[in-house]
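Here the numbering used here is used: the first residue of the sequence shown is 535, the next is one more, and so on. Don't be surprised by glycine CBs; every beta carbon is placed ideally from N, CA and C. Single-structure report; data block below.
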Amino acid sequence: MQTKLMSIAAAVALALASTAQAQTRNDTDKPRTNAAETRSEVKEANKVDRKTKHSEEERIEADAKAAKARCEPMKGNAKDVCQAEAKAKEKVAKAELEQRFEPSARHARKVEETKAEAQYEVAKEKCESNKDGAHACKNEAKANYERAKADIKAKHAKADANRERAASTGATRERAKP
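Here is the structure:
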């Protein structure tokens, strides 16, 4: 009888010990993340980014509309210059927004090109008020714009060459596949 009691006690002790060990092991293990959970988290982050980007776009458009409204009481060339400045700021802000939410060399270049183009457009409008030297003023504005474009091209030449090389390599690989 005593042997039976001891074997029952040992079995109970063994069962309790294994349960306790299983509990401590599960508590210390790191929780595994499910691939579906990770994908849904990424989707949620993208939704937030898209919502933020969309609200920023709306803010930029509202600012541009307000800037153009401030130009309404003006007359003549001053109004044209004001509107050109408002439009230029809007274009630059949109390009910068794109770069901020999707950073890349291509978007960085687009920001620089947009800034140069915006400066050129505003400079051309400002030249309109200069009746005597309007032609010379526009030529100078165009020269500055062309110089800015050349600087941008030189600055991004290496990235462009790499992109072209990658594109041609990809095209070669596509042709090689049966």
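Close beta carbons around residue i, own chain, < 8 Å, minus the five adjacent residues each side
i: ASP563; result: Here the model assigns ASP563 a pLDDT of 49, short of 50, so the residue's position is not dependable, and the following value carries that caveat. There are no such residues.
i: LYS683; result: GLU647, ALA650
i: VAL626; result: VAL645, THR648, LYS649, ALA652
Where residue i falls, given that 16 or more other Cβ within 10 Å makes a residue buried
i: GLU595; result: exposed
i: GLU698; result: exposed
i: ARG609; result: It should be pointed out that residue 609 corresponds to Lys in this sequence rather than to Arg. Exposed.
i: ALA622; result: buried
i: ALA677; result: exposed
CA-to-CA distance, residue j to residue i, given in whole angstroms
i: GLU646; j: LYS665; result: 30 Å
i: THR586; j: GLU630; result: 14 Å
i: GLU674; j: ASP614; result: 19 Å
i: THR703; j: GLU624; result: 37 Å
i: HIS690; j: SER638; result: 12 Å
i: GLU606; j: ARG584; result: 33 Å
i: ALA688; j: ARG604; result: 38 Å
i: ALA598; j: SER589; result: 14 Å
i: PHE635; j: ASN696; result: 23 Å
i: ALA693; j: ARG593; result: 32 Å
Cβ shell of residue i (< 7 Å), same chain only, five flanking positions each side left out
i: GLU662; result: ASN611, ASP614, ALA668
i: ALA642; result: GLN633
i: CYS671; result: CYS661, ASN664
i: ILE686; result: ARG643, GLU646, GLU647, ALA650
Contact check, residue i vs residue j, beta carbons under 8 Å
i: GLU619; j: VAL656; result: yes
i: LYS628; j: GLN617; result: no
Cut-off 6 Å between Cβ atoms - residues of its own chain near residue i, not counting five sequence neighbours on either side
i: GLU659; result: ASP614, VAL615, ALA618
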